[in-house]
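These notes concern the structure reproduced below.
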Amino acid sequence: MTADALNSLDTPYEELLDGVLRDTSQIIADQRAEIEALKKELKSRKKRASNMDCAICGNKIQPTSYGWDEGNNAEPVVMDGRCCNVCDMTVVLPARLELAGFEGAEARAIGQEFGRTIGKLLGSVINLEGSR
Ligand SMILES: [Zn+2]
């Protein structure tokens, strides 16, 4: 907006700018409050021990580093069940591959290879987190 255009406005532009500043400050305050609420939620999720047992092996489902503690969808092995990461990779994934048309041994081999790769990746991430 040019100075002439600003001068021709009914509302003095200082007032307009004050209004913009107020609106912007409110948006920032709202965003800050939202971020603080999310941080609190994340902290409480990390503290909360999972109460869920794996529907396949029966072990407690461990929360992830980012606070997710409800495990994985265990279908088609257990309908409406949740499972741990180990069972997800070694039991559920091969079962899904079999459903997708892979032969049992082939599905298990792909599942195991996938599990090993993910296991290595998770190990690296856990080591990185541990070294912080
Ligand atoms: Zn399990």
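Note that the working numbering has the sequence shown beginning at 1, numbered continuously upward. From the three backbone atoms N, C-alpha and C, an ideal C-beta is built for every residue, glycine too. As the structure is a computational prediction, the values presented were derived from the model and not from experiment.
Query	Result
Three-way DSSP call (helix, strand, coil) for D53 in this model	strand
Distance CB(V78)-CB(A55) smaller than 9 Å	yes
E98 and G104 closer than 9 Å at C-beta	yes
Reference V92; option with closest CA among E106, N72, D4	N72
Rounded straight-line distance, which links the Cα of Y66 to that of K39	11 Å
Residue interval of the alpha helix (DSSP H) (run including E98)	93-99
Span separating the alpha-carbon of Q31 from that of A37	10 Å
Distance CB(G58)-CB(T90) smaller than 9 Å	no
Outcome for A33 when other beta-carbon atoms lying within 10 angstroms are tallied against a minimum of 16	exposed
C-alpha gap between P63 and A74, whole angstroms	16 Å
Which listed residue (I28, D88, E14, C83) has its alpha carbon closest to that of I118	D88
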